[in-house]
Amino acid sequence: MASNYEREEFTLFDDDMGNFSFLSELKSFIPSGESAFSIEALSQKSERVPVSMEFISDSIFRMRYTCEKALARKSTAMLVAEPLSSGKVKTEESTHDLLFKGDSLTVAFKKKPWIMKVLDSSGKTLMKSSHADEFGIPNRYRVLPPGFRKGPEGGVHVFHSGYLFSDEHFYGLGEKFSSLDRRHQKFISWHVDAHGTNSNEWAYKNIPFFFSSRGYGIFINSSFRIVYDFGERSYVSWFFSLEDSLMDFFFIYGPSPRDIIARYTDLTGRSEVPPRWSFGLWMSRCMYKDRGEVEEVAAGLRSSDIPCDVLHIDPLWLKGRKERDRDSACELSWDEEAFPDPGGMIEGLKKQGFRLSLWENPYIHEGSALYQEGKEKGFFPLDSQGNPARLAEDPCCTLVDFSNPEACRWFAAKHESLFRTGVAVMKTDYGEYAPVDARYHNGMTGSEMHNLYPLLYNKTIYEATKKYRGYGLVWGRSAYAGSQRYPLYWSGDSRPGFNEMACVLRGGLSMALSGFPFWSHDIGGFIGKPHEILYIRWAQWGLLSSHARCHGTTPREPWHFGERALEIFRTYAKLRYRLIPYLYSYAHVASLTGMPLMRPLLLEFPGDRRAWEEDLEYLLGRELLVAPVCEAEEGRALYFPEGKWLDFWTGKIYSGPSDVWYDAPLDILPLFIRANSIIPMSPGMPSVGEEPEKQLTCEVYLTDRAEFLFYEGNEPLLFRAETDKWEILFHTGPSKRTYMVRFNQTSSIATVKVEDRLIGELNDLKEVQGSPEGWTQTDDSVIVKFRAEGECTVILKHVEY
């Protein structure tokens, strides 16, 4: 495995400098539209370098350059669509300088020596790509300036690099398990089966997108191997390099991280809202061996009063798995000796409120019927001899060529009988092994396809699920830019330890900063048996993640960890189910904006420099602050950003910004409600079910005013609260439901019950509780007055949007 990385490790001090070409001089430019420009540049060797600048919007430009004779526009599956240049850009040229000026950004070039700066409308320098003289002693460079390096085997590496400002920090790059701040770190973007969650170089999800604390982001539109260095080799510069002859990146201005992520996901796509039941608990094990064991777990969950929606079966469901005893035996047909009458099993689980998930991978064993069929139809990538390419990790296997639309349809159709039988979702494991020495149907080499492969794999299964089940969903492990369009993903094979749990948390928050709103992990860790205390601490925040799954090589059902663990697990599982309306509402927000459910503090508090440093606590949505206990201690130090924070358990109020040591006995997860919040909660249930809750309790924590957009379909309700009243603003109104409103965790609750749909007008209230002093009705609203810890007016009002 290490050899995959050694190719990138060249010593710039000792390299033959004759192999390098730098952007040295800007010669001329030609407009190709109101916001697109072709630039002719020269290297220090007087070689012609074609450069393209396209302004996609007033906040985004695309830059491309190559050492080839001409720029070849490459379309990749990462982009939702090939973006077109847009808007008007003014040019200003002098003897020494060339400026491209838009409404939000100015790109300024010094012609000789080549220096490029990007400035915002105030004149602040956001990014500076400098000439070679600024990077080190001449001909002995720690970091290469923008340009090219020819490799010893004839390949080309293209570089981009820049000045590292003294206060600059970087974030993103996908699921990386170190601190969120990338400054002084190096990363390699190349998918591997990481066999853990404690290495930055070994990662399942490498996303070629990062952003700077100075207010900009960069999306590299390439699937080739990428090396990033954010001041590890040199403290005064950063760079990234690709194993390709074309540099193609989008510069994305924010200035806030929220804006940068929103604009990045405008380019690469956003998630649809996953099914509501997917936000329930998933219970799994590696591996349930037969039908009896699955049904025993289902019965145990219900008898233990543990709410749960999904049971997952790992590879032992597969025919041929036992004979070949390898992960690659994936024939997509049941082992009916171990799992007789799968349709009957699925129907029995459904009656208890469970859905079934099944494991798969995209690798086809040479001994399977699928292999012969796929080979005859040409649905596998080919090696240099024209034979199906083999996996280095398992030479008995090839893999489906998802760059071939016919192969996608073929493999998707193999799932039809599973979905028709009632399987709810597939766990799309693996995807990191696409061989480098293969050529694919779309003409890509293995070097270009390797990172892109998981995107195409998960897209195929997601769309098959949507076709046969009516909704899109996978439970995937590997991902690339654009994979967020096909949710959802989990962290991979973590080990049970407090330090590894902290790595997993950082990996999830890193994914959140990389455009992925939905993410999960294996509660308790995957490999081996966790200690009871670790299992409890992991479950507490695991059940308050975007999605929640228990999974591991040993049993992960809570009763295996003792009565104390069972009781605590039950408490947090029930809390999760009470929060389903809240989580599902934020799933809609994520689909519309790209904002993740699990939010690093910097997303909500970008003006707080301390918030940019905190990576072991997060906001779940906007309103809930979660601070996992990541050591075997009964407490932790935590940071409160600005504002007031209500302890979820005790009602104690903390004020920020402040550092606090919080005592947290084993049954307590530090959990806080942000001031001016409305949190819709259900009464709880054993499974999510098909129908919306008939009762909602809105927990309102006010200092002055709060709002919450509540979704159960595509049309939201607006809950609005002020210190003396609470309002529900309807589009077309809810189905029959009782609304309970509690302010600041007081004991008094105002209750209003609404029956029938409100279409065009508001129907009479059928029931009002909570010491009402009376109510009145107007043409568009009903006003009910309560005395609940002081006067409270509840207004139900129909509005047209």
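Mapped onto the working numbering, the consecutive letters of the sequence shown carry residue numbers 395 to 1195.
Glycine is no exception: its CB is placed at the ideal position from the N, C-alpha and C atoms.
Query                                                                                                        : Result
Local conformation of L1159 per DSSP, three classes                                                          : Summary for L1159: the model assigns pLDDT 46, below 50, so the residue's position carries little reliability; its value from the coordinates is reported in the next sentence. Coil at L1159, not helix or strand.
Counterpart residues of A873 in DSSP-defined beta bridges                                                    : K599
Run of the beta strand (DSSP E) containing E1036, from where it starts to where it stops                     : 1029-1041
Per-residue burial, L997 [other beta carbons within 10 Å of its own, 16 or more giving buried]               : buried
Start and end residues, alpha helix (DSSP H) containing D653                                                 : 651-662
L867 beta carbon less than 8 Å from that of P881                                                             : yes
Minimum C-alpha distance to S446 - residue among S479, F414, S516, L473                                      : S479
Start-to-end residues for the beta strand (DSSP E) that takes in K570                                        : Looking at the DSSP string, K570 is not in any beta strand (DSSP E), and its letter there is neither H nor E.
Three-state secondary structure (DSSP) of A1182                                                              : With a pLDDT of 43 at A1182, under the threshold of 50, the modelled position of that residue is not reliable, and no figure is offered here.
Buried or exposed by the 16-neighbour rule on C-beta atoms within 10 Å, applied to D735                      : exposed
Segment limits, alpha helix (DSSP H) that includes P1022                                                     : First-last for P1022: undefined, no H or E at that position.
Option in Y827, L776, G747, K853 with minimal Cα separation from P799                                        : K853
Proximal residues to L1063 (C-beta, below 6 Å), its chain only, five neighbours per side dropped             : Q934
Sequence-distant residues of the same chain with beta carbon closer than 7 Å to D491, five excluded per side : A502, F503, K504, K505
Residues bridged to R1093 (per DSSP)                                                                         : Note on residue identity: the sequence assigns Glu, not Arg, to residue 1093. Note: E1093 sits in a beta bridge opposite I1073, R1136.
Endpoints, the beta strand (DSSP E) within which G541 is located                                             : 541-544
Buried versus exposed, by CB contacts within 10 Å (16 or more), R1099                                        : exposed
Local conformation of T489 per DSSP, three classes                                                           : coil
Local Cβ density within 10 Å of T1044, reported as buried at 16 or more and exposed below that               : exposed
Inter-residue spacing [alpha-carbon to alpha-carbon] between S573 and R627                                   : 18 Å
Beta-carbon gap between L710 and K744 smaller than 8 Å                                                       : no
P539 classed as buried or exposed, judged by whether at least 16 other C-beta atoms fall within 10 angstroms : buried
Neighbourhood of M395 by C-beta, 6 Å cutoff - its chain only, sequence neighbours within 5 removed           : Summary for M395: the model assigns pLDDT 33, below 50, so the residue's position carries little reliability; its value from the coordinates is reported in the next sentence. If we look at M395 and ignore the five residues flanking it on each side, it has no Cβ neighbours.
Stretch pair the region 764-780 + the region 813-821: three plus CB contacts closer than 8 Å                 : no
Closest Cα partner of V667 within the set F633, T987, I855                                                   : T987
Proximity to E1027 [Cα-Cα], best of E1017, H925, L899, A1058                                                 : A1058
Rounded separation between D1158 and L1013 - CA only                                                         : Summary for D1158: the model assigns pLDDT 46, below 50, so the residue's position carries little reliability, and this model does not support an answer.
Same chain only: Cβ atoms within 7 Å of I927, ignoring 5 sequence neighbours per side                        : A1026, L1060
Minimum length 3: unbroken beta strand (DSSP E) runs contained in the region 726-800                         : 749-754, 757-759, 791-793
Local conformation of E1106 per DSSP, three classes                                                          : coil
Which of helix, strand or coil DSSP assigns to K923                                                          : coil
Close beta carbons around N413, own chain, < 7 Å, minus the five adjacent residues each side                 : R543, K544
Exposure of K1160, with buried meaning 16 or more beta-carbon neighbours within 10 Å                         : Bear in mind that a pLDDT of 48 at K1160, under 50, signals an unreliable position, so the model cannot answer this.
Helix, strand or coil at I707 according to DSSP, with G and I counted as helix                               : strand
Strand pairing of F455, partner residues [DSSP]                                                              : F449, F645
Proximity of G568 and A588 at Cβ, strictly below 8 Å                                                         : no
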